[in-house]
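Taken in order, these protein sequences are the chains called X and G.
Note that this note's numbering has the first sequence beginning at 2, numbered continuously upward.
Note that this note's numbering has the second sequence beginning at 2, numbered continuously upward.
2 protein chains.
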Amino acid sequence: MCAQILSTQPYKGTRDFYPDDMRLRNWFFGKIRRSLELSAYEEYNGPMLESLDIYIAKSGEEIANKQTYNFADRGGRMVAIRPEMTPSVARIVAAKMGELNYPLKWFSIPNMYRYERPQHGRLREFWQLNVDIFGCDTYEADLDVIESAISLLLAFGADETMFKVHINNRRFFNDVIAAISGTDAEGARLVSKVIDRKDKVDRESYEKDLHELGLSDEQIAKIDALYTMNVKDATALCPDTIGAQELVSLFDMLDKTGLSKYCVFDFGIIRGLDYYTGTVFEVFDEAPENNRAMFGGGRYDNLVGMFAKNAKISGVGYGMGDVTLESFLLTHGLVPDLNEGETKVLVTRFDDVPYEQYLSIVDTLRQNGITASIYVGSKKFGKQIDYAIKGHYSHVLIMGSSEAESASVKIKDLSTREESLVALDKLCEYFN
Amino acid sequence: MCAQILSTQPYKGTRDFYPDDMRLRNWFFGKIRRSLELSAYEEYNGPMLESLDIYIAKSGEEIANKQTYNFADRGGRMVAIRPEMTPSVARIVAAKMGELNYPLKWFSIPNMYRYERPQHGRLREFWQLNVDIFGCDTYEADLDVIESAISLLLAFGADETMFKVHINNRRFFNDVIAAISGTDAEGARLVSKVIDRKDKVDRESYEKDLHELGLSDEQIAKIDALYTMNVKDATALCPDTIGAQELVSLFDMLDKTGLSKYCVFDFGIIRGLDYYTGTVFEVFDEAPENNRAMFGGGRYDNLVGMFAKNAKISGVGYGMGDVTLESFLLTHGLVPDLNEGETKVLVTRFDDVPYEQYLSIVDTLRQNGITASIYVGSKKFGKQIDYAIKGHYSHVLIMGSSEAESASVKIKDLSTREESLVALDKLCEYFN
């Protein structure tokens with residue numbers, strides 16, 4: 002034991018979870034689990050440490066090295082603390098590729114680390130819900146994951162005034178750009194790259210770049226118009242393309258199932274240009290003070306490519322950070338008082354009553370499913386009451402020598418401050 | 002995306018949790034949580050990464066460096082992936098020392114890494130239940146944590162033939178050694194060090210070492226006798242010492258509360274010689290083929306010393322690894338078939354029935370709390386049935402065009418293979 006006094010701060014960008022914090026986390030992870038399991042999604046997980054290779058294979062050496070915590074282990078292997086789940090789940094699926102029951106409906110709530118400057122809503126250690134369907138190429142899977150995202154927000158008590166799912170389709174995006182610009186696929190790709198950077202450059206250089214690719218002012222205006230179109234008008238611009246048909250099918254089902262009030266077509270949703278290949282979506286917080294994309298996802302074609310040659314498993318899914326969800330719930334007042342309504346009994350003690358009598362009461366309460374604790378240690382009665390109040394106990398049981406003689410206890414309800422004298426053999430009835 | 006094909010193996014000493022594995026984990030972590038919460042223990046957690054300093058302060062530089070995954074971050078700070086929870090919880094308690102509500106009854110189920118050669122029951126990544134009471138110096142807290150360990154094994158269906166809690170007391174150990182050897186505290190400490198190594202050396206050198214410290218054959222025989230004594234005879238050797246009195250009080254309460262059938266006094270339980278200061282215990286698996294200490298713990302005096310000068314908070318608790326518990330439950334046949342008895346409905350689909358009709362059925366089932374999924378994608382009926390069987394679905398719903406016309410569905414119970422034709426508006430009644 003060294004004599005130096007060490008810092009009590011958690012490592013930069015990480016959090017300590019005291020019991021009140023932890024109760025909140027368990028509550029919301031529990032709700033997420035129940036919501037997804039009700040839709041037959043199954044939970045999985047993988048290790049915190051992975052070979053650095055898999056992040057390099059996905060994102061390139063520079064990004065992988067920069068964004069992960071990585072180091073050489075004693076065997077000289079480069080390992081990283083996972084910064085995201087997709088490479089892990091790709092590995093996990095690839096390892097048993099031939100045995101699994103497709104389509105997989107999977108979710109996970111792993112903790113992960115990203116090496117970044119801690120700032121509002123961006124921590125170094127965070128938890129991320131990952132929901133995916135693997136092995137189904139058609140819009141039904143897209144619909145299923147979007148529905149799961151809506152369902153879990155509804156499970157928390159959110160409604161259509163609080164969030165909106167903005168949906169686009171990357172095939173449609175490519176096809177409609179090709180249709181408007183009249184170029185071939187390669188030409189459309191170059192135009193897409195300019196459009197992808199639209200929000201990052203000023204209007205003048207945006208137009209200049211498109212002019213250089215041969216687009217007229219009229220064509221640019223047609224592209225501009227897409228951003229305010231509804232899905233029917235937008236898809237009418239290239240009705241026979243696969244992308245347009247996927248969008249039409251998806252929105253048709255959203256309409257018929259009553260989910261369309263949570264959704265909107267948004268041509269501005271593009272996401273990673275080289276990664277997503279079909280439906281893409283982002284869920285926006287509708288609170289005026291917090292209006293921004295909370296999380297998103299989409300369809301990608303080749304999950305297992307880096308692990309298996311000549312095998313193709315497609316995926317569609319999303320990832321949602323715990324900090325984002327927590328801030329959404331707090332903004333909209335959707336976090337209840339988790340202590341309220343819970344029965345939690347503190348059995349106080351006096352030195353002149355045999356200790357085993359208190360232990361027996363606690364045991365009886367627990368046997369009947371009532372959360373109970375004896376006050377461990379022996380302090381003055383007032384201190385024990387303070388302990389109960391500070392510890393969110395709902396009731397205090399008091400048995401001095403006179404109550405003990407008459408085989409009864411005083412029960413004090415800490416919310417109403419009412420006291421009742423209850424016979425020991427009626428104790429559990431009092432709480433039921 | 003690089004062209005190289007990567008390994009699908011998880012990192013050495015870690016595990017992937019496929020849905021079946023994960024269901025088992027969630028089941029047993031859930032049982033642990035419920036059992037501890039019923040006794041008013043509260044869950045907390047901390048970050049995976051901690052400053053390496055806190056492990057060096059506890060265990061010394063050599064052990065800390067050898068047993069942890071540690072590395073310098075980009076700011077030059079030495080960080081470690083937590084290999085145990087005690088230094089973290091000490092830091093967490095110390096950070097809010099003046100605000101907390103003592104005695105704290107806390108537990109945690111963190112994942113952690115230890116750098117060691119993977120072998121049976123020893124993995125590099127594992128989860129460890131930590132249960133502690135902080136801030137109560139008397140035997141009541143020792144009793145409470147021992148009771149919590151027994152309760153959680155009982156919650157899994159274990160009984161007294163399957164496990165036994167071996168209990169000793171380090172104060173008693175020191176006092177009785179001093180009483181037998183007739184030496185002062187320092188002399189007793191030297192004797193204790195020899196006894197602590199008893200199982201690691203042969204009998205001859207054990208006796209030689211004790212002789213060198215001045216003990217006679219008669220005194221050595223007295224020490225030998227302690228290993229087979231019951232608590233009453235053992236404590237009678239130095240009845241007025243605090244250690245003996247703590248043991249007597251503890252075993253008296255274990256008797257009076259009916260817990261003594263799970264417990265036994267065992268002078269052979271010493272644990273870390275420099276760490277524990279009072280009650281110590283180990284829980285043994287009683288299966289003949291697996292008879293060994295599964296987990297243990299005890300009382301230690303100074304939790305927060307490395308973080309706060311002049312502050313003393315004592316603790317008593319234990320840590321239990323997930324692999325150990327899992328192997329205990331499997332050995333004793335205490336893991337039920339987690340799929341059995343669960344209702345999980347797959348709605349199959351045909352192309353000639355509008356898809357929204359299937360979506361509406363799924364929605365109705367979920368609204369009534371029944372786990373349900375539509376078959377996403379469109380494959381032949383036989384493939385959809387295979388999917389249901391392999392995916393542990395309990396029921397399959399079949400609605401072809403003729404059933405759709407009569408607003409009914411066929412329900413096939415996959416366990417009994419019975420089929421029923423049920424009107425759509427009686428669907429939920431069928432399952433309730």
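All C-beta atoms in this analysis are idealised placements derived from N, C-alpha and C, irrespective of residue type, glycine included.
Asked, Found
"Per-residue contacts from residue 261 of chain X into chain G (C-beta, under 7 Å)", "By Cβ distance, chain G contributes nothing, its closest Cβ being about 12 Å from residue 261 of chain X, past 7 Å."
"Endpoints, beta strand (DSSP E) assigned at residue 319 of chain G", "316 to 322"
"Bounding residues of the beta strand (DSSP E) (the contiguous stretch that carries residue 245 of chain X)", "Not the beta strand (DSSP E): residue 245 of chain X falls in the alpha helix (DSSP H), residues 243 to 257."
"Length-filtered (4 minimum) alpha helix (DSSP H) runs lying within the segment 55 to 88 of chain G", "62 to 68"
"Spatially closest choice to residue 126 of chain X from X:141, X:85, X:158, by CA coordinates", "X:85"
"Where residue 428 of chain X meets chain G, residues with beta-carbon distance less than 9 Å", "Correct list: empty, because the minimum Cβ distance to chain G is about 16 Å."
"Proximal residues of chain X, C-beta to C-beta of residue 357 of chain G below 7 Å", "254, 257, 258"
"Cβ contact check for the segment 136 to 146 of chain G and the segment 371 to 388 of chain X: 3 or more pairs under 8 Å", "yes"
"Selection from X:75, X:79, X:60, X:13 that minimises the alpha carbon distance to residue 51 of chain G", "X:13"
"Residue environment, residue 438 of chain X, which counts as buried when at least 16 other CB atoms sit within 10 Å", "Residue numbering for chain X in the displayed model covers 2 to 433; residue 438 of chain X lies beyond these limits and cannot be assessed."
"Candidates G:373, G:285, G:192, G:346: closest to residue 395 of chain G by CA position", "G:346"
"Cβ of residue 374 of chain G within 8 Å of any chain X Cβ", "yes"
"Span separating the alpha-carbon of residue 89 of chain X from that of residue 163 of chain G", "38 Å"
"C-beta neighbour in chain X for residue 333 of chain G, strict 8 Å", "no"
"Simplified DSSP state of residue 239 of chain X, which is helix, strand or coil", "coil"
"Residues in the segment 15 to 30 of chain G having any Cβ partner in chain X nearer than 9 Å", "15, 16, 17, 18, 19, 20, 21, 22, 23, 24, 26, 27"
"Pick from G:353, G:370, G:344, G:354 that is closest to residue 412 of chain G, judged by C-alpha positions", "G:344"
"Residues of its chain near residue 429 of chain G, where Cβ-Cβ distance is below 8 Å and the 5 sequence neighbours each way are ignored", "365, 366, 369, 371"
"Assumed close pair residue 146 of chain X, residue 259 of chain X - CB separation to whole angstroms, cut-off 8 Å", "With 8 Å as the limit, residue 146 of chain X and residue 259 of chain X do not qualify as a contact, their Cβ atoms being about 18 Å apart."
"Assigned secondary structure, residue 198 of chain G (DSSP; H/G/I helix, E/B strand, else coil)", "coil"
"Chain X contact residues for residue 104 of chain G, given Cβ-Cβ distances below 9 Å", "376, 377, 378, 388"
"Per DSSP, the bridge partner or partners of residue 286 of chain G", "G:164, G:293"
"is_contact[residue 162 of chain G, chain X] using C-beta, thresh 8 Å", "no"
"Per-residue DSSP class, three states only, for residue 37 of chain X", "helix"
"Simplified DSSP assignment, three categories, for residue 368 of chain G", "helix"
"Residue 40 of chain G versus X:408, X:390, X:427, X:362, residue with shortest Cα-Cα distance", "X:362"
"Meets three-Cβ-pair contact criterion under 8 Å: the segment 89 to 106 of chain X and the segment 31 to 49 of chain X", "yes"
"Straight-line gap, residue 417 of chain G to residue 326 of chain G (C-alpha atoms, nearest Å)", "34 Å"
"beta-carbon residue 33 of chain G near the ligand SAM non-hydrogen atom, thresh 7 Å", "Looking at this structure, you won't find the ligand SAM or any other ligand, since it has none at all."
"Segment contact flag, the segment 98 to 116 of chain X with the segment 334 to 343 of chain G, C-beta cutoff 8 Å, min 3 pairs", "no"
"C-beta atoms of residue 415 of chain X and residue 389 of chain X nearer than 8 Å", "yes"
"Residue of X:305, X:6, X:290, X:155 minimising C-alpha distance to residue 57 of chain G", "X:6"
"Contact list for residue 40 of chain X against chain G, beta-carbon separation under 7 Å", "367, 374"
"Any C-beta of chain X under 8 Å from that of residue 264 of chain G", "no"
"Option in G:68, G:18, G:93, G:154 with minimal Cα separation from residue 34 of chain G", "G:154"
"Beta-carbon proximity check, residue 293 of chain G vs residue 315 of chain G, cutoff 8 Å", "no"
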